[in-house]
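For the sequence shown, this note's numbering assigns the number -9 to the initial residue and increments by one for each residue that follows. Heads up, the thing below is written out as structure tokens.
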Amino acid sequence: MRLSRYFLPVLREDPKEAEIASHRLMLRAGMIRQEAAGIYSWLPLGFRVLKKIEAIVRREQERAGSIEMLMPTIQPAELWKRSGRYDDYGREMLRISDRKEHELLYGPTNEEMITDIVARFVQSYKQLPLNLFHIQWKFRDEIRPRFGVMRGREFLMKDGYSFDLTREEGEHAYNKMFVSYLRTFAAMGLKAIPMRAETGPIGGNLSHEFLILADTGESQVYFDAAFHEKDWRTFELDYDDPAAVAAVVDEFTSMYAATEEMHDEERFEREVPPERRVSGRGIEVGHIFFFGDKYSKPLGAKVLGPDGEEHHLQCGSYGIGVSRLVGAIIEAGHDENGIVWPEPVAPFQAGLINLRQGDEATDAACEGLYEKLANAGLEVLYDDTSERAGEKFVRMDLIGLPWQVIVGPRGLRDGVVEIKNRASGARENVPLDNAVDWLRQCLMG
């Protein structure tokens, strides 16, 4: 993509309304624009990151056996009245009526609707197990929306739902999502620590939230440093093997990790050696629940079992904040110059910077590199503008692409280009003819 033809409305100054780094940097980098309190347009650069995260979530859900579908954003209030949550949910739910005075709501979550769908179409245990998910915009009327996409009113979420015959099978479905979430966040370059959690308005008695460390996190967390010593990208397993899946869950839940609400200082000191005790702030990026028949009973979701008797389905729900993750990743990865994207979710893999636009030799070298990088399958943002070099460097650091390929007359006289790693700041002069292969090898790890 040529920057001269791209829509990237970068701001020079920090927006006054931005209280935290991710909000400030997303506005400055031209990723989002606020349309109303807690409601944002996603501009091209931000939208690319959003789609990268969404693709990783989708891939790992499907790998764990979950099937994608799509439910509407507007739901009939009657479903929520049947479950008993319509009045209990509170003023965060946006309640509306259509022209015929039918009571509707803008869905904050989908437990009722998906359970009703399954109740209508699944009658036999032979149709189980079943795990369905969708990635959908939702709305919760926060009393005080703030921190940009971290606590907005409209947000993109992956919510999934499992349905099983027995509690044992339901807990296996829960464990599969636990492991899938470990893999999902690791694939984004994150280590999201699972912590036992309150179930809140979703209900049930088994719940874990997944948090990443950041100074601006909303929760105080306490955990064993052994979490950070693990390489979460390496484990492979058969999701259909309950024992193997449970073993991974046991491994990650055997180490101490708790939010302030669930923290037990005495147990923390007893189980974790002093040198491994870590405390900090955490941002929730995922939450999973197992709630048995909490919704299947009032909504009539039951099947005929192998014993010839009817059984209410055992259910769980599993959420990932897709749009929230964009802000959370920035909170966990930025410096004084801007965003530092992990490679898997970066909007582009590299930025190509022409230091002397209009110079015949520099233009020719950049055009050749741009074509070769594209042919090699690399995503490149080519700064072909006529702005000064300093402005180009500032903008490229601000938007945080993992690699920068810098081409100027001085280097070309020696037959080299400079390649900079955004995260480390390391720079290396690479022969022009080798630049594409060199960069491709770096990106392949």
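Using N, Cα and C, we set each Cβ at its ideal position, and we do this for glycine too.
Residue environment, residue i, which counts as buried when at least 16 other CB atoms sit within 10 Å
i	result
Lys90	exposed
Phe111	exposed
Asp254	exposed
His269	Sequence check: residue 269 is Ser here, not His. Exposed: under 16 other Cβ atoms inside 10 Å.
Gln51	buried
Asn100	buried
Ile202	buried
Ile46	buried
Met59	exposed
Asn165	buried
Ser286	buried
Gln65	buried
Arg482	With the chain covering only -9 through 435, there is no way to say anything about residue 482.
Distance CB(residue i)-CB(residue j) smaller than 8 Å
i	j	result
Val330	Arg412	yes
Leu1	Arg18	yes
Trp393	Gln339	yes
Ile104	Gly207	no
Met185	Ala248	yes
Leu98	Lys128	Reading off the sequence, residue 98 comes out as Pro, not Leu. Closer than 8 Å, so yes.
Val407	Val397	yes
Gly150	Phe123	yes
Val498	Phe225	Coverage of the chain is limited to positions -9 through 435, which leaves residue 498 absent and any answer about it impossible.
Tyr246	Asp221	no
Val39	Met178	no
Ala54	Leu94	no
Val492	Phe145	Examination of residue 492 is not possible in this model, given that the chain is present from -9 through 435 alone.
Met252	Ala182	no
His277	Glu158	no
Gly437	Pro288	What is shown of the chain runs -9 to 435, which leaves residue 437 out entirely.
Pro5	Arg(-5)	no
Leu433	Leu391	no
Val395	Ala425	yes
Pro332	Gly323	yes
Ala163	Gly306	yes
Phe279	Ser197	yes
Cutoff 8 Å; reference residue i; Cβ partners in own chain excluding five residues on either side
i	result
Val27	A quick correction: the sequence has Ala, not Val, at residue 27. The answer, listed in chain order, is Pro135, Arg143.
Met16	Ile22, Gly36, Gly138, Val139, Val316, Gly317, Ile320
Ala351	Pro399, Leu402
Tyr115	Leu155, Val293, Leu294, Gly295, Pro296, His301
Phe258	Tyr212, Tyr246, Ala248, Arg267
Glu9	Arg136, Phe137
Ala271	Reading off the sequence shown, one finds Arg at residue 271, where the question assumed Ala. Answer for Arg271: Leu203, Ala204, Asp205, Thr206, Gly207, Glu208, Ser209, Gln210, Val211, listed in chain order.
Contact set for residue i: own chain, Cβ-Cβ below 6 Å, skip 5 residues either direction
i	result
Gly193	Any reading at Gly193 needs caution, since the residue's pLDDT is 49, under 50, leaving its predicted position unreliable; the model's value is listed next. If we look at Gly193 and ignore the five residues flanking it on each side, its Cβ neighbours are Phe281, Lys284.
Glu44	Ile125, Val312
Ile57	Leu122
Ala454	Residue 454 lies beyond the range of the chain shown here (-9 to 435); nothing can be said about it.
Ala291	Thr105, Val108, Ala109, Leu303
Phe(-3)	Pro34
Ser436	Any answer about residue 436 is impossible in this case: the structure gives the chain only from -9 up to 435.
Phe242	Pro184
Asp387	Asn327, Gly328
Gly358	none
Met(-9)	Leu371
Cys382	The displayed chain sequence assigns Lys, not Cys, to residue 382. Ile343, Asp373.
Tyr30	Ile22, Gln24
Own chain partners of residue i with C-beta closer than 7 Å, once the 5 adjacent residues on each side are dropped
i	result
Asp427	none
Thr421	Strictly speaking, residue 421 in this sequence is Pro, with Thr absent from that position. Hits under 7 Å: Gly405, Val406.
Glu132	Gly28, Glu82, Arg141, Arg143
Ser12	Gly138, Met140, Gly317, Ile320, Glu321
Leu(-7)	Leu371, Tyr372, Asp373, Asp374, Thr375
Leu84	Leu95, Tyr96, Phe129, Asp131
Pro232	His162
Glu261	Tyr246
Within-8 Å CB hit, residue i to chain B
i	result
Lys410	Looking at the structure shown, chain B is missing, and only one protein chain is on hand.
Residue i beta carbon near the ligand ZN (any heavy atom closer than 7 Å)
i	result
Glu256	No copy of the ligand ZN appears in this structure; indeed no ligand is present at all.
Practice item. Please go through the segment 126 to 187 and give each complete alpha helix (DSSP H) segment of 4 or more residues, from N-terminal end onward. Key: 157 to 177
Check your understanding: Per the contact definition of three or more C-beta pairs closer than 8 Å, is the segment 207 to 222 in contact with the segment 302 to 312?
Key -> no
Point to revise | Segments assigned alpha helix (DSSP H), at least 4 residues, entirely inside the segment 215 to 252 | key: 216 to 219, 232 to 243
Review point. Using 8 Å as the threshold, is the segment 341 to 359 in touch with the segment 371 to 382, meaning 3 or more CB pairs across them?
Key: yes
Exercise for review: At 4 residues or longer, and completely inside the segment 66 to 136: list those alpha helix (DSSP H) runs for me, N to C.
Suggested key: 67 to 73, 101 to 111
Review point. Hey, which unbroken runs of the alpha helix (DSSP H) at 4 residues or more fall wholly within the segment 309 to 343?
Key: 312 to 322
Review point. What are the complete alpha helix (DSSP H) segments, minimum 4 residues, inside the segment 335 to 400?
Key: 350 to 365, 379 to 389
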